[in-house]
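Numbering (our numbering), first residue to last: 1 to 58.
Note that the Cβ used here is the ideal one computed from N, Cα and C, for glycine as well.
Worksheet: the structure to be examined is printed underneath.
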């Protein structure tokens, strides 16, 4: 199983790359500097694809 970590996945090229990889069946970890924007992107992607709850560093 391939897991891909995409930085800047909350908008633009990073978001589109995440969307396309998820559509191909890959597991994608969404990374963003702003946790709220990253969570919003994951939620938007999750509306179209199954997602796991976000994990945050303590």
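For residue i, does the three-state DSSP call read helix, strand or coil?
| i | result |
| --- | --- |
| residue 17 | helix |
| residue 31 | strand |
Roughly how many angstroms separate the alpha carbons of residue i and residue j, rounded to a whole number?
| i | j | result |
| --- | --- | --- |
| residue 3 | residue 34 | 21 Å |
| residue 19 | residue 31 | 13 Å |
| residue 6 | residue 25 | 15 Å |
| residue 11 | residue 39 | 12 Å |
Using a threshold of 9 Å, state whether the C-beta atoms of residue i and residue j are closer than that.
| i | j | result |
| --- | --- | --- |
| residue 22 | residue 45 | yes |
| residue 1 | residue 27 | yes |
How would you call residue i, buried or exposed, if buried means at least 16 neighbouring beta carbons within 10 angstroms?
| i | result |
| --- | --- |
| residue 41 | buried |
| residue 9 | buried |
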